[in-house]
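Residue numbers (my numbering), protein chains in the order written: chain A, 3 to 152; chain B, 1044 to 1345.
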């Protein structure tokens, strides 16, 4: 009887642990897949080697525990960066680097394809715990919905 | 002189002069101080944009820009080196059937390590190559709308922490054994002779910075049929004419010409189907083909 009681309590604790506390984890692979298969992009960005992303975003590789970068061919500013940082400080550094990338992109496109600048200005850029998410899409509202649902 | 007048001359006038001098000097000093206080560099990239704007050279008025020679003399006042080609027999006779200015012939394929001492310079199309070719062993200095003019002035290469430098500055910061260049599409509206002379300056500037590097000039890629018909100056007639200028330049400057145009053109001279979304920038698969072409078109030093 005592054993059943303990098992019952254990089951309740596990159940509460899994249900009542909201998860801070973001499935970056799933998020990337949802974004790139959506109609939010005029030109679907392509997944690239993370080393290219680190270089273009000036991010230190050791600051990232997990990262994925999608870029477009150069005709548009559309791109995605999904990063899980290695710790809180690293997350702040990555977030800052992403902000710098956006500023740089805005300046690059101003004299090149100015129509892309509003996209960059309305791009999604946010940090949640260790996660840093950046997405510049043709339809930024649609992309935002996908991101916030994850 | 009455006492009151003497007082005026001896005391009031000198006192007034001293007070006046005091106010004049203090106002000058305060003006200087406030200028110093208001000078605070704004965070990147705004300040480099402003700095860049102050020296940016719009294409039509670019003739007033510093020449490459002047620009070079400002940063590296050393004698121009003589280029020596290792693939001659030591008496200037080529030891195999290739001389600079010829189209670089097909060769045995090299692997990615071959590019570990290479740097690629170019515009947004080279940025696409950087992102999609899969090549990670080379340095790539490229910027959107980069041209034979803005290569000296646009601070497009990030050095981290919000610091940006020009492509030429970046190029001078490290020794390379190969330099690959593709420029021309952003200045496609220029007169041919003018493009020729500006590109010649760029090659000279690169040679000065990398005197021992093999320099590969990549032909401009064709644009799509749609772009050719409706893109104004962005047409393949002009691209071909520019490439002829480049081929001539390669002969003049003893550098190597890579005929990427032919590699990517269909029988009508347009960019092959499926290679680009917008008619100019290459898609991922095309960038992989681009890299494969470079791997099979190298100059081997014997």
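By construction, the Cβ of each residue, glycine as well, lies at the ideal position given by its N, Cα and C atoms.
Only a predicted model underlies this, so the values are computations on that prediction, with no experimental measurement involved.
Query	Result
Same chain, Cβ closer than 8 angstroms to residue 1331/B, neighbours up to 5 away in sequence not counted	1175, 1176 and 1177
Beta-carbon spacing of residue 1238/B, residue 1265/B below 7 angstroms	no
Any C-beta of chain B under 7 angstroms from that of residue 150/A	no
Residues, ordered as in the chain, of the stretch 1303 to 1337 of chain B that lie near chain A by beta-carbon distance below 8 angstroms	1319, 1320, 1321, 1323, 1324, 1325, 1326 and 1327
CB contact check: residue 1174/B to chain A, cutoff 7 angstroms	yes
Where residue 1235/B falls, given that 16 or more other Cβ within 10 Å makes a residue buried	exposed
Length of the line joining the Cα atoms of residue 1163/B and residue 1325/B	16 angstroms
Paired residues, beta bridge with residue 1164/B - DSSP	1184/B and 1224/B
Chain B contacts made by the stretch 34 to 46 of chain A, where a contact means CB separation under 7 angstroms	45
CB contact flag (residue 1143/B, residue 1298/B, <7 angstroms)	yes
Contacting positions in the stretch 1163 to 1192 of chain B - beta carbon closer than 8 angstroms to chain A	1167, 1168, 1170, 1171, 1173, 1174, 1175, 1177, 1179, 1186, 1187 and 1188
Completely contained alpha helix (DSSP H) runs for the stretch 63 to 98 of chain A, where each covers 4 or more residues	none
Residues, ordered as in the chain, of the stretch 45 to 64 of chain A that lie near chain B by beta-carbon distance below 8 angstroms	45, 48, 50, 51, 53, 54, 58 and 60
Cβ separation of residue 60/A and residue 1319/B, assumed to be a contact under 8 angstroms, to the nearest whole Å	About 28 angstroms separates the two Cβ atoms, so there is no contact after all.
Against chain B: residues of the stretch 73 to 101 of chain A by CB proximity under 7 angstroms	73, 75, 76 and 77
Inter-residue spacing [alpha-carbon to alpha-carbon] between residue 62/A and residue 1300/B	36 angstroms
Own chain partners of residue 1253/B with C-beta closer than 6 angstroms, once the 5 adjacent residues on each side are dropped	1219 and 1222
Close-in-space but distant-in-sequence residues of the same chain around residue 1169/B (CB under 6 angstroms, 5 per side omitted)	1163, 1185 and 1225
Rounded Cβ spacing between residue 68/A and residue 30/A (contact assumed at less than 8 angstroms)	6 angstroms
Contact list for residue 1267/B against chain A, beta-carbon separation under 7 angstroms	Going along chain A, no residue has its Cβ under 7 angstroms from residue 1267/B, so there is no contact; the nearest lies around 12 angstroms.
Proximity of residue 1309/B and residue 1267/B at Cβ, strictly below 7 angstroms	no
Simplified DSSP assignment, three categories, for residue 1254/B	coil
Residue 1206/B CB to nearest heavy atom of the ligand COA below 6 angstroms	Only the bare structure without any ligand can be found here, which leaves the ligand COA out of the picture.
Contact between the stretch 137 to 151 of chain A and the stretch 92 to 102 of chain A (3+ Cβ pairs under 8 angstroms)	no
First and last residue of the uninterrupted beta strand (DSSP E) at residue 138/A	133 to 138
Rounded C-alpha distance that separates residue 1156/B from residue 48/A	25 angstroms
Chain B residues whose Cβ lies nearer than 7 angstroms to that of residue 69/A	Result: empty, since nearest Cβ-Cβ is about 15 angstroms, beyond 7 angstroms.
Whole-angstrom distance between residue 1213/B and residue 57/A, CA atom to CA atom	14 angstroms
Residues in the stretch 1207 to 1234 of chain B having any Cβ partner in chain A nearer than 9 angstroms	1207 and 1229
Length-filtered (3 minimum) beta strand (DSSP E) runs lying within the stretch 1260 to 1320 of chain B	1299 to 1301
Three-state class that DSSP yields for residue 1201/B in the structure shown	strand
Interface partners of residue 113/A on chain B, CB under 7 angstroms	1188
Beta strand (DSSP E) segment containing residue 1208/B, residue limits	1207 to 1209
Check whether residue 65/A and residue 87/A have beta carbons under 7 angstroms apart	yes
Length of the line joining the Cα atoms of residue 1216/B and residue 1158/B	17 angstroms
Between the CA atoms of residue 1273/B and residue 1284/B - distance to the nearest angstrom	18 angstroms
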